[in-house]
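*Asks:* Here's a structure for you.
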Amino acid sequence: MRIPFTKMQGAGNDFVVLDETRARLGLGTAHYRFLADRHFGVGADQILTVRPSPAPDIDFEYLIHNADGAEVEQCGNGARCFARFVRDAGLTAKDAIRVLTRGGVIEPKLQADGRVTVNMGAPVFEPEHVPFAPGPVPAQPSGSWQQWPLRLGASALDAVVLVAVVSMGNPHAIQLVGDVATAPVLLQGPLIEHHPFFPNRVNAGFMQVQSRHQIRLRVFERGSGETLACGSGACAAVVAGIRLGLLDAEVDVQTHGGVLTISWAGGSAPVMMTGPATTVFHGEIDIPNDLPNVS
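This is the structure in structure tokens:
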């Protein structure tokens with residue numbers, strides 16, 4: 102089966118974008134894994150699928166599959182690339198669109214300078230809605246909020262880290278570190294991602310506060326590993342920093358792939374994310390018919 106695709110990136114977070122506005126491609130888990138594979142496929146952190154409007158007040162539906170083939174609720178950097186794709190492909194003439202994801206409705210808007218701003222919706226803190234199930238483990242007060250201890254292993258000698266827990270349509274656990282360059286992202290990231298307190302797994306963020314309006318961030322993404330940038334992770338980190346009393350309402354987030362600007366007025370206000378979205382190339386690829394475990 103041969104399919105067309107567009108390769109895009111937002112702050113180094115890279116995507117394969119598929120257009121299903123005219124017809125479904127009929128892809129399954131193994132197909133998405135193949136497309137994301139950097140040796141045998143195209144290579145990407147996530148696969149983004151564009152589908153037509155499912156409701157009168159919605160412009161498009163947006164599906165996200167991680168590199169492991171699993172469908173997830175949200176991807177902020179992908180949302181910016183999604184908006185750039187539908188505009189450049191002539192699928193809409195609008196600068197601002199409403200898009201349905203598994204995590205809810207988001208509203209990307211193309212800016213005059215080429216960047217894209219995404220209304221990511223309000224953060225969610227209720228543990229059962231993240232979802233986060235710490236059982237009898239108590240939270241530790243911090244600033245005007247709280248952090249939760251996670252033991253990363255069964256032994257009493259294993260590390261215990263404190264994380265702030267928030268959902269941006271997908272779950273995030275953010276810990277404060279002194280220096281992101283030396284933070285144990287590749288060691289602790291998988292342990293946090295698969296921690297039993299998170300029934301749907303979790304994205305693990307490592308945040309270094311440089312000032313009240315600037316942070317550095319690395320994220321070990323659920324199903325993809327560490328990426329060059331994570332838009333929803335940047336939103337979650339800034340929200341956590343504001344609630345912990347460490348950050349102001351607008352923050353520049355320095356990732357390996359570039360800078361994202363995040364703003365949040367607090368409470369039930371939406372989180373706004375602004376950053377780049379770039380088309381890398383267009384192509385076609387033959388997907389083998391004999392891929393294992395196709396679903």
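The sequence shown begins at 102 in the working numbering and counts up by one.
Every residue, glycine too, gets a C-beta built ideally from N, C-alpha and C.
Can you grab the Cα-Cα spacing for the pair Leu329 / Phe321, in whole Å?
*Replies:* Position 228 of the sequence shown, counted from the first residue, corresponds to residue 329. Position 220 of the sequence shown, counted from the first residue, corresponds to residue 321. Straight-line Cα distance between these residues: approximately 10 Å.
*Asks:* Cα separation between Leu398 and Arg185?
*Replies:* Because residue 398 is not part of the residues shown, which for the chain are 102 to 396, the question remains open.
*Asks:* In this structure, does DSSP put Phe298 in helix, strand or coil?
*Replies:* Within the sequence shown, residue 298 is the residue found at index 197, counting from 1. Residue state, collapsed to three classes: coil.
*Asks:* What does the alpha-carbon distance come out to for the pair Thr122 and Val381?
*Replies:* The residue labelled residue 122 in the question sits at position 21 within the sequence shown. The residue labelled residue 381 in the question sits at position 280 within the sequence shown. Going by the C-alpha atoms only, they are around 21 Å apart.
*Asks:* Would you list, in sequence order, the uninterrupted beta strand (DSSP E) runs of no fewer than 3 residues that lie entirely inside the region 291 to 369?
*Replies:* Runs found: 304 to 312, 315 to 322, 326 to 328, 351 to 356 and 359 to 364.
*Asks:* Let me check understanding here. Comparing Cα to Cα, which of Glu229, Glu294 and Asn301 lies closest to Leu251?
*Replies:* What you label residue 251 is simply residue 150 of the sequence shown in a count that begins at 1. The residue with the shortest Cα to Cα distance from Leu251 is Glu294.
*Asks:* By how many angstroms is the C-alpha of Glu174 removed from the C-alpha of Leu288?
*Replies:* For this step, residue 288 is matched to residue 187 along the sequence shown. For this step, residue 174 is matched to residue 73 along the sequence shown. Answer to the nearest angstrom: the Cα atoms are 25 Å apart.
*Asks:* Going by beta carbon distance, what residues of the same chain come within less than 6 Å of Phe116, once the five residues before and after it are set aside?
*Replies:* The residue given as residue 116 occupies position 15 in the sequence shown. Within the same chain, Phe116 has close Cβ partners Met109, Ala145, Gln147, Leu149, Gly179 and Cys182.
*Asks:* So, for Ala223: in the same chain, excluding its five sequence neighbours on each side, which residues have a beta-carbon less than 6 Å away from its beta-carbon?
*Replies:* Position 122 of the sequence shown, counted from the first residue, corresponds to residue 223. Once the five neighbours on either side are set aside, the close Cβ partners of Ala223 are Ser369 and Pro371.
*Asks:* For His357, which of Ala260, Gly279, Gly111 and Tyr163 has the nearest alpha-carbon?
*Replies:* On the sequence shown, residue 357 is found 256 positions in, with the first residue counted as 1. Residue Gly111 is the option with its Cα nearest to His357.
*Asks:* Sorted by chain position, which residues of the same chain lie with C-beta nearer than 6 Å to Val278's C-beta, five sequence neighbours on each side aside?
*Replies:* Counted from its first residue, the sequence shown places residue 278 at position 177. Closer than 6 Å at the Cβ level, and outside the excluded window around Val278, lie Ala284, Phe307 and Gln309.
*Asks:* Considering only the alpha carbon of each residue, which of His314, Ala171, Val200 and Asp280 lies closest to Pro155?
*Replies:* Against the sequence shown, residue 155 aligns to sequence position 54. Cα-wise, what sits closest to Pro155 is Val200.
*Asks:* Pairing CB atoms from the region 264 to 276 with CB atoms from the region 340 to 356, are three or more of them under 8 Å?
*Replies:* yes
*Asks:* So, under 8 Å CB-CB, Gly324 and Ala168 are touching, yes? Tell me the CB distance rounded to an integer number of Å.
*Replies:* Within the sequence shown, numbered from 1, the residue matching residue 324 stands at position 223. Within the sequence shown, numbered from 1, the residue matching residue 168 stands at position 67. Going by Cβ atoms, the distance from Gly324 to Ala168 rounds to 6 Å, so yes, they are a contact pair.
*Asks:* Hey, Val219 and Met374 are a contact pair by Cβ (cut 8 Å); roughly how many whole angstroms apart?
*Replies:* On the sequence shown, residue 219 is found 118 positions in, with the first residue counted as 1. On the sequence shown, residue 374 is found 273 positions in, with the first residue counted as 1. Sure, about 5 Å apart at Cβ, within 8 Å.
*Asks:* Span of the alpha helix (DSSP H) holding Ala184?
*Replies:* Working through the sequence shown from its first residue, we reach residue 184 at position 83. Residues Gly177 to Asp189.
*Asks:* Contact check, Glu208 vs Ala197 under 8 Å by CB: the rounded distance?
*Replies:* In the sequence shown, the residue the question calls residue 208 occupies position 107. In the sequence shown, the residue the question calls residue 197 occupies position 96. Taking the Cβ atoms as the reference, Glu208 lies roughly 6 Å from Ala197, within the contact range of under 8 Å.
*Asks:* With DSSP as the reference, label Val219 as helix, strand or coil.
*Replies:* For the purposes of this step, residue 219 is identified with residue 118 of the sequence shown, where counting begins at 1. Residue state, collapsed to three classes: strand.
*Asks:* Please report the Cβ distance between Leu348 and Arg302, rounded to the nearest whole angstrom; I am assuming they are in contact, meaning their Cβ atoms lie under 8 Å.
*Replies:* Locating residue 348 in the sequence shown gives position 247, counting from the first residue. Locating residue 302 in the sequence shown gives position 201, counting from the first residue. Not confirmed; about 26 Å, so no contact.
*Asks:* Are Val217 and Ala378 touching if we call contact CB-CB under 9 Å?
*Replies:* Sequence index remark: in the sequence shown, residue 217 carries index 116 (1-based). Sequence index remark: in the sequence shown, residue 378 carries index 277 (1-based). Yes, the pair counts as a contact, with Cβ atoms nearer than the cut-off.
*Asks:* Does the distance from the CB of Phe299 to the CB of Phe226 come in under 9 Å?
*Replies:* Position 198 of the sequence shown, counted from the first residue, corresponds to residue 299. Position 125 of the sequence shown, counted from the first residue, corresponds to residue 226. Going by C-beta atoms, Phe299 is not nearer than 9 Å to Phe226.
*Asks:* So, for Ser400: in the same chain, excluding its five sequence neighbours on each side, which residues have a beta-carbon less than 7 Å away from its beta-carbon?
*Replies:* One cannot answer for residue 400 here, as it falls past the ends of the chain, which runs 102 to 396.
*Asks:* Do the CB positions of Val286 and Gln315 come within less than 9 Å of each other?
*Replies:* Counting from 1 along the sequence shown, the entry for residue 286 is found at position 185. Counting from 1 along the sequence shown, the entry for residue 315 is found at position 214. Not closer than 9 Å, so no.
*Asks:* Is Ala274 helix, strand or coil by DSSP?
*Replies:* Here residue 274 corresponds to residue number 173 of the sequence shown, with the count starting at 1. In this structure, Ala274 counts as strand in the three-state DSSP scheme.
*Asks:* Per DSSP, Glu385 forms a beta bridge with which residues?
*Replies:* Your numbering for residue 385 matches position 284 in the sequence shown. In the DSSP output, where bridge partners are listed per residue, Glu385 has Pro105.
*Asks:* May I have the straight-line CA-CA distance separating Val281 from Gln247, to the nearest angstrom?
*Replies:* As a first step, residue 281 is located in the sequence shown; it is residue number 180 there, counting from the start. As a first step, residue 247 is located in the sequence shown; it is residue number 146 there, counting from the start. Near 22 Å, if we compare the C-alpha coordinates of Gln247 and Val281.
*Asks:* Report the rounded CA-to-CA distance for Pro105 versus Ala124, giving the unit in angstroms.
*Replies:* Taking the sequence shown and counting its residues from 1, one reaches residue 105 at position 4. Taking the sequence shown and counting its residues from 1, one reaches residue 124 at position 23. Rounded to whole angstroms, Pro105 to Ala124 spans 12 Å at the Cα level.
*Asks:* In whole angstroms, what separates the C-alpha of Val231 from that of Leu253?
*Replies:* Taking the first residue of the sequence shown as 1, we reach residue 231 at position 130. Taking the first residue of the sequence shown as 1, we reach residue 253 at position 152. Rounded to whole angstroms, Val231 to Leu253 spans 20 Å at the Cα level.
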